[in-house]
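What follows is a single structure, written as structure tokens, with notes after it.
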Amino acid sequence: MWGLIPVLDCSQLLSLCPPHCKPSSRPSRPADPRADSPQRAMSDQAFVTLATNDSYAKGAMVLGQSLRNHNTTRKLVALVGPHVTEPCRTALHSIYDEVCVVDIMDSGDASHLALMKRPDLGVTFTKLHCWTLTQYSKCVFMDADTLVLSNIDELFEREELSAAPDPGWPDCFNSGVFVFRPSNETHEKLLAFCSENGSFDGGDQGVLNSFFNTWATADISKHLPFIYNLSSIAIYSYLPAFRQFGHDAKVVHFLGKTKPWNYTYDVQSGQVRGHSLSPDPSQLHPDYLVMWWQIYAKSVLPSLQQAYGDAPFSTGFTEDKIHEDVKGAQLSAPPPPPQISSEERKQRWEAGQVDYMGDDSFVHIERKLDSFLK
Ligand SMILES: [Mn+2]
């Protein structure tokens, strides 16, 4: 989805230097308890994700863990940008089979040239790099802001390019989840296409939809059911459908500016809190957000703690916030949330800035909907 992955500026791009897509520097793993499992069978197929910074790396960890929890038989590959720090790469290694550092500055002439022509599309080029994973015959790309709710290995029965409709423009596919076949030839064509035509939305989704431009009309088998990429925004825009079909969802996609890792989590109560400082205890928290945090707290945090050792890092738990507040100054009553007009709220909604924990929370919308249906 466009605009969701932070875009590198030129100076950041120029600072990229490690060689492209190589296993990140880390001594070989100790005996892997997963190594001999029969689940290793499909070793030439992989789920692939991308993390451009440490926040998205946390998302990738939760995604990878959710795939493991549902017993995927495929390999897991994380592409990481050069800005992902060493402890996060180490933690990714504990979940993923491969952690590849992607550096478009040093990844062959074609990529380099493409980047020089279109520096604005740096992150897009990084994502397109997944086509160079030619050690695999088929892959499923999943954004780091997705979460798997059940086994989805059947996606490997689909062909390139299979994807689910985008909720904003259903004749376009959403590039948060797609099936593809790694191929250097396709990669080069994509790069050439990208540097010539740019992206109509500024991101990879625009490029991919222009390149695979027969998706909407040519072959229905390439349309993944929406349950493989259920965007959190769609839940609110068609609530009756969500009530009817939501329980079948297999992948949830946290579209929008606020990502699960932007919230805080209260381990004691098991509640997710908005980053506005005034959590309303009467609000129902969306289940998927809680599921994300449960996986994070149970399986990801221990790896991060091990990787960071004594070095401090943000766990995302509410205790951190309290410590910060105490350190900063005296604890004072949190300011009331700013009141916004319904017009302003509509604009924010349309820009993907949904206040899931506040005005746009499930209970509020459900109440509204019920008042219409009565
Ligand atoms: Mn996304």
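Residues 1 to 374 in UniProt numbering are what the sequence shown lists, from first letter to last. Where a beta carbon is used, it is the ideal one built from N, C-alpha and C, also for glycine.
- For V272, same chain residues with a beta-carbon under 7 angstroms away, outside a window of 5 residues either side, are Y263, Y265, H285, L289, V290, W293 in chain order.
- For D145, the shortest C-beta to heavy atom distance toward ligand 1 is below 7 angstroms.
- By the criterion of a C-beta distance shorter than 6 angstroms, L208 is surrounded in its chain by S175, once the five residues flanking it on both sides are discounted.
- Proximity to V140 across F245, Q244, L79, D103 peaks at L79, based on C-alpha coordinates.
- Runs of the alpha helix (DSSP H) spanning 4 or more residues and lying entirely within the region 142–205 occur at 184–197, in chain order.
- Nearest C-alpha to F254 among E185, I233, M42: I233.
- Annotation for T264: the continuous beta strand (DSSP E) segment containing it runs 264–266.
- Straight-line measurement puts the Cα of M142 at about 21 angstroms from the Cα of D219.
- The beta carbon of S55 is closer than 6 angstroms to those of W261 in its chain, skipping five residues each way along the sequence.
- Taking 8 angstroms as the cut-off, the Cβ atoms of W215 and A163 count as close.
- Close CB contacts of L128 within its chain, under the 6 angstroms cut and outside five residues either way in sequence, are with L190 (chain order).
- C-alpha of L230 to C-alpha of K250: approximately 8 angstroms in a straight line.
- Residues L147, W292, I295, Y296, V300 of the same chain have their beta carbon placed closer than 7 angstroms to that of V62, with the five preceding and five following residues left out of the count.
- The beta carbon of L224 sits no closer than 7 angstroms to any heavy atom of ligand 1.
- For Q244, the uninterrupted alpha helix (DSSP H) run begins and ends at 239–245, by DSSP.
- Assignment of T49 by DSSP, reduced to helix, strand and coil, places it in the strand class.
- By the Cβ neighbour-count rule, Q65 is buried, with 16 or more other Cβ atoms within 10 Å of its own.
- Of the other Cβ atoms in all chains shown, 16 or more fall within 10 Å of the Cβ of A51; this residue is therefore buried.
- I227 is the residue among I227, P87, K257 whose C-alpha sits nearest the C-alpha of Q244.
- When the five nearest sequence neighbours on each side are left out, the beta carbons in the same chain lying within less than 8 angstroms of the beta carbon of S183 are those of W131, T134, in order along the chain.
- Assigned with DSSP and collapsed to three states, S111 falls in helix.
- Judged by DSSP in its simplified three-state form, K257 adopts coil rather than helix or strand.
- The C-beta of T217 has fewer than 16 other C-beta atoms within 10 Å across all chains shown, which makes the residue exposed.
- In the three-state DSSP reduction, A311 falls in the coil class, being neither helix nor strand.
- Sequence-distant partners of F193 (beyond 5 residues in either direction) whose C-beta falls short of 8 angstroms from its own C-beta, in its chain, are V207, S210, F211.
- Note on geometry: alpha-carbon atoms of V48 and L76 lie some 6 angstroms from one another.
- In the three-state reduction of the DSSP assignment, A216 falls in the coil class.
- Here R181 has K138, E160 as same chain residues with Cβ atoms under 6 angstroms from its own Cβ, once five neighbours each way along the sequence are excluded.
- Non-local C-beta neighbours of Y308 in its own chain, meaning closer than 8 angstroms and more than five positions away in sequence, comprise P87, ordered along the chain.
- Here DSSP, grouped into helix, strand and coil, assigns Q271 to strand.
- Collapsing the DSSP output to three states places L121 in a helix.
- Around the C-beta of S43, fewer than 16 other C-beta atoms lie within 10 Å, and the residue is accordingly described as exposed.
- If you check the C-beta of L208 against ligand 1, you find no heavy atom less than 7 angstroms away.
- In this structure, DSSP gives H70 a state outside helix and strand, which the three-state scheme calls coil.
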